[in-house]
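A quick write-up on the structure given underneath.
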Amino acid sequence: MRWRVPYTPGTLKAVSTKNGKTVLTKEVKTAGKAYQLILKADGNTITADGKDLSFVTVEIRDQNGVLVPNAKDLVKFSVSGSAFIAGVDSGDPVSLEPFKSNQHTPSNGKLLCVLQSNGSKGKITLTAKADGLQSSTIQIAARQLIKRDKAVNGFNKEKDHCKMVFFF
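All the letters of the sequence shown, read from the start, carry residue numbers 1 to 168 under our numbering.
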């Protein structure tokens with residue numbers, strides 16, 4: 001279904017009903033001016049093995065916390081501690097900005113910064129800044145991998161083999 005409605009700033013709410021009862025509601029709010037950066041990591045720890053990754057999402061939000069989809073503020077990253085920036089991307093298929101960089105322009109108000117363990121354990125601090133916006137900092141811990149020689153849950157990595165299959 002599709003409805004064309006004239007643009008008016010504010011809140012647009014759609015309510016789906018079945019047999020007179022509400023089964024789904026969706027609300028969209030008009031974003032104001034870009035105000036702040038918000039960082040969200042996929043977890044609060046990574047393994048200090050030189051390979052593990054942390055995926056940190058950056059969102060540009062207005063003063064009310066609403067995502068600003070048309071924000072084009074250049075976001076600059078700095079990292080300290082037990083990781084380095086493996087890549088940055090916005091998901092924009094026509095962007096010519098390099099992945100291997102410490103700065104990027106968002107698409108639809110979002111970016112992804114990928115951190116990679118440098119092999120040492122300790123604290124990782126990622127900061128994102130953009131001119132005129134409140135910056136954001138997040139901390140992640142890099143922990144040493146605990147190696148176990150004995151079988152875990154009946155699986156012994158030297159004797160048993162497994163194959164990983166990915167579906168896209």
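Just so it is clear, CB atoms sit at the ideal spot from N, CA and C, and this is done for glycine as well.
Apart from the five residues just before and just after residue i, which ones in its own chain have a Cβ nearer than 7 Å to its Cβ?
i, result
"Asp92", "Ser107"
What is the rounded straight-line gap between the Cα of residue i and the Cα of residue j?
i, j, result
"Ser101", "Val15", "43 Å"
"Lys33", "Leu145", "44 Å"
"Gln103", "Ile85", "10 Å"
"Ser80", "Glu59", "21 Å"
"Asp131", "Arg143", "34 Å"
"Val23", "Thr17", "5 Å"
"Lys72", "Gly20", "43 Å"
"Ser120", "Ser136", "24 Å"
"Gly10", "Leu96", "34 Å"
"Pro6", "Leu126", "41 Å"
"Val94", "Asp62", "26 Å"
"Tyr35", "Arg4", "30 Å"
Which of the three DSSP states, helix, strand or coil, is assigned to residue i?
i, result
"Phe99", "coil"
"Thr217", "Outside the displayed span of the chain (1 to 168) sits residue 217, for which this structure offers no information."
"Leu74", "coil"
"Gln134", "strand"
"Thr30", "coil"
Ignore the nearest five residues each way along the sequence and tell me which others in residue i's own chain have a CB closer than 8 Å to its CB.
i, result
"Val66", "Lys29, Thr30, Ala31, Gly32"
"Phe166", "Bear in mind that the predicted position of Phe166 carries a pLDDT of just 48, short of 50, making it unreliable; the figure below should be weighed with that in mind. Nothing listed; no residue qualifies."
Suppose contacts are defined by Cβ-Cβ distances below 8 Å. Is residue i in contact with residue j by that definition?
i, j, result
"Asp89", "Leu112", "yes"
"Ile138", "Val56", "yes"
"Ala128", "Leu37", "yes"
"Ser82", "Ala41", "no"
"Ile124", "Leu133", "no"
"Phe77", "Gly87", "no"
"Ile140", "Asn64", "no"
"Lys13", "Ser117", "no"
If we cut at 8 Å on Cβ distances, does residue i have a partner in chain C?
i, result
"Ser95", "Going by chain labels, chain C is absent from the structure shown, which holds only one protein chain."
Can you list, in chain order, the residues of its chain with a C-beta nearer than 6 Å to that of residue i? Leave out the 5 residues immediately preceding and following it.
i, result
"Lys110", "Glu59"
"Lys26", "Ala14"
"Thr211", "The question about residue 211 has no answer here: the residues shown for the chain are numbered 1 through 168."
Cβ-heavy atom distance between residue i and the ligand PLP below 7 Å?
i, result
"Val88", "Of the ligands one can find in the structure shown there are none, so the ligand PLP has no counterpart to examine."
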